[in-house]
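In my numbering, the protein residues as written are 248 to 735. A short write-up of the structure that comes next.
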Amino acid sequence: MNYKRRAGRKTGMERDEITKSTDNEMSASSADDAKKSNTESGAFRSDENPSGNDSFEKRNFEDENLENKTFDSEDFEGNSDENLEENFDEGFEEQDTDEDSQKKFIKSKNDFFKGFLFGSLITIIIITLLFSTVVQGNITGANTDSKFNEIKDIIKQRYLYGDEVKRNNLNSGMYKGYVMGLGDPYSEYYSAEEYRALKEATSGHFYGIGAVFRLEDGKVKVMRTYENSPARQGGIEDGDELLEVNGKSVNGRKLHDISGEIKGDKDTKVTLKLYRSKTGKTFEKTLVRKDIVIESVSYKMLSNRIGYIKISEFTAETFNQYQKAVAELEKRGMKALIVDLRNNPGGVIKSTAQILDSILPGGKIVYTKDKYGHINTWNSDEAHKFTKPMAVLINGYSASASEIFAGAIQDYKKGPIIGEKSYGKGIVQQIIDLKDGSGIKLTVSEYYTPNGRRLHKVGVNPDIEVKAIGDGSNQLERAVTELKKRIR
């Protein structure tokens with residue numbers, strides 16, 4: 248498939264936005280706050296293409312309120328604009344979460360959080376002074392430095408725990424606070440450690456045990472395990488409660504931190520202590536970390552030979568998984584297809600565009616426009632056109648890349664969009680590498696459907712609105728009913 252990207256003069260920002268190292272896009276992902284239901288894995292969750300120059304959009308796996316997120320034992324999955332939740336694979340999976348994007352600084356006796364908190368307070372004060380003075384045109388670099396030094400000296404002299412504060416933590420808190428001053432829930436500073444986790448998540452694979460964890464009533468529980476993963480082969484079951492990782496209790500800790508300990512280098516060991524309620528027994532498992540590919544696509548054949556493909560998020564591996572699913576369903580005699588994007592927070596735009604290229608006729612797939620009016624366009628060709636009847640399911644937690652997908656299908660009238668109005672995240676975040684290994688994610692452009700419709704804060708309205716009842720099976724049933732009418 249060929250992507251024809253059209254643009255006037257491209258800035259470095261534009262290039263990065265289109266293809267970051269792993270070609271991961273985080274917007275399509277990410278409604279940073281897109282609340283993802285208990286899906287499987289996703290990628291930090293994407294609207295972000297963290298590593299390269301040409302990334303589609305970056306996904307926001309950053310809901311800082313990770314307490315309510317789903318973690319796929321080692322990778323980021325999900326994102327959020329205001330509420331979108333992400334799944335995490337032993338770390339972050341994707342993205343995203345979000346969300347969440349408005350972070351809360353929690354006071355803790357822990358050295359890190361003390362430093363982080365006060366670094367952030369310093370930053371907020373500096374930002375307030377900086378921007379208020381800039382408006383008046385009176386600020387100078389010297390004044391800023393002077394104010395900063397004054398605050399630093401006061402903290403050093405009077406702060407009760409001043410001797411325990413680490414400078415690196417203060418600096419990190421300051422950088423985070425500075426970006427927070429933008430007031431954009433999708434823009435964020437990542438420390439080197441956080442940035443590595445983000446890139447892992449959007450790449451679609453990581454080294455871990457292949458278990459998805461979720462916080463449930465204050466307990467960290469296994470939501471599911473991947474097929475052929477160390478977790479499943481080691482006898483870990485859905486519903487098992489995680490108590491310790493390498494002898495360290497998980498009680499009161501964030502899933503993000505826990506997942507970071509479960510992940511690690513390939514072929515290294517990690518020991519988990521778990522509790523199984525159905526037997527009332529506590530047990531330990533020592534597992535060897537392996538390369539885990541995030542399973543973002545699942546499929547099955549429904550009645551009347553209607554194929555069903557569920558995409559939980561768009562990672563760098565999603566397109567290949569989608570192709571395999573379609574090929575298998577074709578072998579079974581598929582006559583129509585349902586693509587389920589409910590609770591999908593988005594992810595890597597490249598994968599989204601590749602799938603759409605295999606479905607749509609030649610023409611625009613999606614385009615973005617930045618603050619300078621520069622346009623980047625993704626086009627499909629005629630080579631791989633899906634001709635069978637199809638329908639797409641969406642809901643209020645379908646965000647970013649999911650909305651790009653649904654919007655394009657709708658514009659080309661390839662099949663009905665069924666369910667509920669989507670989330671409404673239609674902006675692109677670019678991940679920018681910093682020299683020390685950290686990174687900044689910034690909102691740099693906005694998405695438009697092939698027909699020029701805005702998605703941000705608008706969303707995609709379904710062609711056939713069906714409010715979910717219970718688990719939402721009534722929406723799937725309606726899609727089946729609609730496709731039966733179209734099968735020849």
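Backbone N, C-alpha and C define an ideal beta-carbon position, used for all residues, glycine too. Here the structure is a predicted model, which means the values were calculated and not measured.
For this session: Name the residue from Arg479, Leu521, Pro608 and Gly482 whose alpha carbon lies nearest to the alpha carbon of Asn743.
Result: Because the chain spans 248 through 735 in this model, residue 743 falls outside it and cannot be assessed.
Exercise. Ser524 and Thr615: beta carbons closer than 7 Å?
Worked result: Locating residue 524 in the sequence shown gives position 277, where the first residue counts as 1. Locating residue 615 in the sequence shown gives position 368, where the first residue counts as 1. No, Cβ-Cβ distance for Ser524 and Thr615 is not below 7 Å.
Exercise. Pick from Ala630, His631, Thr624 and Gly666: whose alpha carbon is nearest that of Tyr644?
Worked result: Sequence index remark: in the sequence shown, residue 644 carries index 397 (1-based). Of the listed residues, the one whose Cα sits closest to Tyr644 is Gly666.
For this session: Can you give me the Cβ contacts of Val467 inside the same chain, cut-off strictly under 6 Å, excluding the 5 residues immediately before and after it?
Result: If you number the sequence shown from 1, residue 467 lands on position 220. Closer than 6 Å at Cβ, skipping near neighbours: Phe460, Leu489 and Val497.
Exercise. Quick one: Cα of Lys403 to Cα of Ser393, how far?
Worked result: Residue numbering aside, residue 403 sits at position 156 when the sequence shown is read from its first letter. Residue numbering aside, residue 393 sits at position 146 when the sequence shown is read from its first letter. Roughly 15 Å separates the two Cα atoms.
Problem set entry | beta strand (DSSP E) runs wholly inside the region 572–658, at least 3 long, in chain order | For the region 572–658, whole beta strand (DSSP E) runs of length 3 or above, ordered along the chain, are 583–587, 610–617, 622–627 and 637–641.
For this session: Take the Cβ of Ser720 as the centre, count every other Cβ of all protein chains shown within 10 Å, and call the residue buried at 16 or more, exposed below.
Result: Here residue 720 corresponds to residue number 473 of the sequence shown, with the count starting at 1. When all chains shown are included, Ser720 counts as exposed.
For this session: Look up Tyr408 in the DSSP assignment and say whether it is helix, strand or coil.
Result: Taking the first residue of the sequence shown as position 1, residue 408 is located at position 161. If DSSP states are grouped into helix, strand and coil, Tyr408 belongs with coil.
Exercise. What residues match up with Ile664 in a beta bridge as DSSP calls it?
Worked result: For the purposes of this step, residue 664 is taken as the residue at position 417 of the sequence shown. In the DSSP output, where bridge partners are listed per residue, Ile664 has Val639.
Exercise. For Leu681, does the count of other Cβ atoms within 10 angstroms reach 16, so buried, or fall short, so exposed?
Worked result: Taking the sequence shown and counting its residues from 1, the one referred to as residue 681 is at position 434. It is exposed - the Cβ of Leu681 has fewer than 16 other Cβ atoms within 10 Å.
For this session: Indicate whether Val492 and Lys516 have their beta-carbon atoms separated by less than 7 Å.
Result: Counting from one through the sequence shown, the residue named residue 492 turns up at place 245. Counting from one through the sequence shown, the residue named residue 516 turns up at place 269. Result no, Cβ atoms of Val492 and Lys516 do not sit closer than 7 Å.
For this session: Compare the beta carbon distance of Gly729 and Ala653 with 7 Å and say whether it is the shorter of the two.
Result: In the sequence shown, residue 729 corresponds to position 482, counting from 1. In the sequence shown, residue 653 corresponds to position 406, counting from 1. The residue you asked about is not Gly; residue 729 is Glu in the sequence shown. When the beta-carbon positions are compared, Glu729 and Ala653 stay at least 7 Å from each other.
Exercise. Which of the three DSSP states, helix, strand or coil, is assigned to Arg701?
Worked result: The sequence position of residue 701 within the sequence shown is 454, counting from 1. It is a strand residue.
Problem set entry | Residue environment, Asp718, which counts as buried when at least 16 other CB atoms sit within 10 Å | Counted from its first residue, the sequence shown places residue 718 at position 471. That one is exposed.
Problem set entry | Ordered list of beta strand (DSSP E) runs contained in the region 408–463, each at least 3 residues | Within the region 408–463, complete beta strand (DSSP E) segments of at least 3 residues are found at 435–437, 452–455 and 458–463, given in chain order.
Problem set entry | Three or more C-beta pairs below 8 Å linking the region 624–634 and the region 590–608 | Touching, yes.
Problem set entry | Endpoints, the alpha helix (DSSP H) within which Val727 is located | Within the sequence shown, numbered from 1, the residue matching residue 727 stands at position 480. Start and end: Ser720 to Arg733.
Problem set entry | Within 7 Å, strictly: CB atoms of Gly684 and Ile678 | Taking the sequence shown and counting its residues from 1, the one referred to as residue 684 is at position 437. Taking the sequence shown and counting its residues from 1, the one referred to as residue 678 is at position 431. Note that the C-beta distance between Gly684 and Ile678 is not below 7 Å.
For this session: Compute the beta-carbon to beta-carbon distance between Gly671 and Tyr694, rounded to the nearest angstrom, for a pair I have assumed lies under 8 Å.
Result: Residue numbering aside, residue 671 sits at position 424 when the sequence shown is read from its first letter. Residue numbering aside, residue 694 sits at position 447 when the sequence shown is read from its first letter. For Gly671 against Tyr694, the beta-carbon gap comes to about 11 Å, at or over 8 Å, which does not count as contact.
Exercise. Based on the DSSP secondary-structure assignment, which residues constitute the bridge partners of Gln677?
Worked result: Start at 1 with the first residue of the sequence shown, and residue 677 comes out as number 430. Beta-bridge pairing links Gln677 to Leu689.
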